[in-house]
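Chemist: Sharing a structure, written as structure tokens. Questions coming.
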Amino acid sequence: MAFRLAPTSASEGFRLEAHDSVGSTNALALDHARAGDPGRLWVVSKKQESGRGRRGRVWATPEGNLAATLLVLTGGELRLAATLGFVAGLALADALDAVVPKGRIAIGLDGASQGQNRFELKWPNDVLASGAKLAGILLESAVLDGGRFAVAVGIGVNVVAHPQDLPYPATSLHALGAACDAETLFLALSDAWSENARLWDEGRGLAAIRRRWLARAAGLGGEVAVRIDGNVVRGVFETIDEDCRFVIRDDDGSVLTIAAGDVHFGAVASARV
Numbered sequence: 666m667a668f669r670l671a672p673t674s675a676s677e678g679f680r681l682e683a684h685d686s687v688g689s690t691n692a693l694a695l696d697h698a699r700a701g702d703p704g705r706l707w708v709v710s711k712k713q714e715s716g717r718g719r720r721g722r723v724w725a726t727p728e729g730n731l732a733a734t735l736l737v738l739t740g741g742e743l744r745l746a747a748t749l750g751f752v753a754g755l756a757l758a759d760a761l762d763a764v765v766p767k768g769r770i771a772i773g774l775d776g777a778s779q780g781q782n783r784f785e786l787k788w789p790n791d792v793l794a795s796g797a798k799l800a801g802i803l804l805e806s807a808v809l810d811g812g813r814f815a816v817a818v819g820i821g822v823n824v825v826a827h828p829q830d831l832p833y834p835a836t837s838l839h840a841l842g843a844a845c846d847a848e849t850l851f852l853a854l855s856d857a858w859s860e861n862a863r864l865w866d867e868g869r870g871l872a873a874i875r876r877r878w879l880a881r882a883a884g885l886g887g888e889v890a891v892r893i894d895g896n897v898v899r900g901v902f903e904t905i906d907e908d909c910r911f912v913i914r915d916d917d918g919s920v921l922t923i924a925a926g927d928v929h930f931g932a933v934a935s936a937r938v
């Protein structure tokens, strides 16, 4: 099966560029933007040679996994464009719900039942299944002529394989018993993106995105530890604010709002991280 766009996505003017292998779908998308691409371009591949994660980390995409980047051009605030990561998380979770049969991946964070949410969203940019990292999202940007921004919304999903040598649990769809390939998942993702992007509405619908995201949030109401520039802050995960920043309440009752950091849940939050 070849990569293809959902009919809803194609009808809205989205385009598709598919590769057998690339260096980085994010880098390629931003190169297209600098060369004058108008955006609404999906760059996808089942193999990535030099994928990137947050804070310069390596993101491995062996053959059969999904690397997908949507190029978005905007003249608005970059701060608002950064919330596209939450749109991406919701779109991917919706796509996973659509392609993974009911009865699969029904375990929640730390083995606890999570009702209807088989896939959880971990702030700021991960999708979890059975408490393990299934997918990551990375937004990268470039300034264009005329004061516009190009935003590469990168989505990497462990479809057939996942890394073993990480300091946190990871998993793949195949490891969880889901017989889904990258092409099928992308088809559903391109459809789910259109729906969630319409809800986001250039940021005007961010409050609705926030509510949907919180309904899928991993660790909400539980103990968390957040590493920020080498320091660790501990408390209870209360919510995300109207700008989608992480909000915790520490042992003294103080409310802390965090714009960037690495989040750890449960037993890990109580240990040294």
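Heads up: the sequence shown at position 122 corresponds to 787 in the working numbering, and the numbers run straight through without jumps.
Note that the Cβ used here is the ideal one computed from N, Cα and C, for glycine as well.
Nothing here was measured: the structure is a model prediction, and the numbers come from that model.
#1: Between which two residues does the beta strand (DSSP E) containing Gly707 stretch?
#2: Could you spell out where the alpha helix (DSSP H) holding Ser859 opens and where it closes?
#3: Based on Cα-Cα distance, which residue from Ala890, Arg914 and Asp916 lies nearest to Lys787?
#4: Which residues does DSSP pair with Thr734 in a beta bridge?
#5: Residues bridged to His697 by DSSP?
#6: From Gly821, Gly741, Asp830 and Leu745, pick the residue whose C-alpha is nearest to that of Phe851; which is it?
#7: Would you kindly work out how many angstroms separate the C-alpha atoms of Ala911 and Pro766, rounded to a whole number?
#8: If you run the structure through DSSP and keep just helix, strand and coil, what is Phe814?
#9: Quick check on Leu879: buried or exposed, where buried means 16 or more other Cβ atoms within 10 Å of its Cβ?
#10: Report the three-state DSSP secondary structure of Thr836 (helix, strand or coil).
#11: What residue ranges within the stretch 882 to 925 form continuous beta strand (DSSP E) runs of no fewer than 3 residues, ordered along the chain?
#12: Measuring from the CB of His697, is there a heavy atom of the ligand PLP at a distance below 7 Å?
#13: Report, in whole angstroms, the separation of the C-beta atoms of Ala747 and Leu706, which I expect to be a contact under 8 Å.
#14: Rank Ser689, Gly812, Ser710 and Arg869 by C-alpha distance to the C-alpha of Arg669 and give the top, closest one.
#15: If you draw a straight line from the alpha carbon of Leu793 to that of Ala800, how long is it in whole angstroms?
#16: Could you have a look at Ser806 and say whether DSSP puts it in helix, strand or coil?
#17: Given this structure, state the Cα-to-Cα distance separating His684 from Asp916, to the nearest angstrom.
#18: If I measure Cβ to Cβ from Thr739 and keep anything under 6 Å in the same chain, skipping five residues before and after, which residues do I get?
#19: I need the DSSP call for Ala872, collapsed to helix, strand or coil.
#20: Run the CB neighbour count on Asp908, radius 10 Å, all protein chains shown included, and call it buried at 16 or more, exposed below.
#21: In three-state DSSP terms, what is Ala797?
#22: Grouping DSSP H, G and I as helix and E and B as strand, with all else coil, what is Val687?
#23: Could you pull the start and end residues of the beta strand (DSSP E) that Val928 belongs to?
#24: Just checking my contact of Leu736 with Asp702 at CB under 8 Å: how many whole Å lie between their CB atoms?
#25: When DSSP builds the beta bridges, which residues end up paired with Arg680?
#26: Beta-carbon within less than 8 Å of Pro727's beta-carbon, same chain only, minus the 5 sequence neighbours each way: which residues are those?
#27: Mark Ala924 as exposed unless 16 or more other C-beta atoms lie within 10 angstroms of its C-beta, in which case mark it buried.
#28: Short of 6 Å in beta carbon distance, which residues of its chain neighbour Gly900, apart from the five on each side in sequence? Order them along the chain.
#29: Three-state secondary structure (DSSP) at Val764?
Modeler: Taking the geometry as given:
#1: One detail in the question is off: residue 707 reads as Trp in this sequence, not Gly. Residues Leu706 to Ser710.
#2: Ala847 to Trp865
#3: Ala890
#4: Val708 and Gly819
#5: Answer is none; His697 lacks a bridge partner.
#6: Gly821
#7: Checking the displayed sequence, the identity of residue 911 turns out to be Phe instead of Ala. Distance between the alpha carbons of Phe911 and Pro766: 32 Å.
#8: strand
#9: exposed
#10: coil
#11: 888 to 893, 896 to 905, 911 to 914 and 920 to 923
#12: Of the ligands one can find in the structure shown there are none, so the ligand PLP has no counterpart to examine.
#13: Rounded, the Cβ-Cβ distance is 20 Å, inconsistent with contact.
#14: Out of Ser689, Gly812, Ser710 and Arg869, Ser710 has the C-alpha closest to the C-alpha of Arg669.
#15: 7 Å
#16: strand
#17: 50 Å
#18: Ala746 and Phe814
#19: Of the three classes helix, strand and coil, the one that applies to Ala872 here is helix, per DSSP.
#20: Classification of Asp908: exposed, given that the 10 Å Cβ count is below 16.
#21: Note: Ala797 maps to strand in three-state DSSP.
#22: Val687: strand per DSSP, three-state reduction.
#23: Asp927 to Phe930
#24: 6 Å
#25: Leu706
#26: Lys712, Val825 and Ala826
#27: exposed
#28: Taking Gly900 as the centre and dropping the five residues before and after it, the same chain places the C-beta of Ile913, Arg914 and Asp915 closer than 6 Å to its C-beta, in chain order.
#29: Correct three-state label for Val764: helix.
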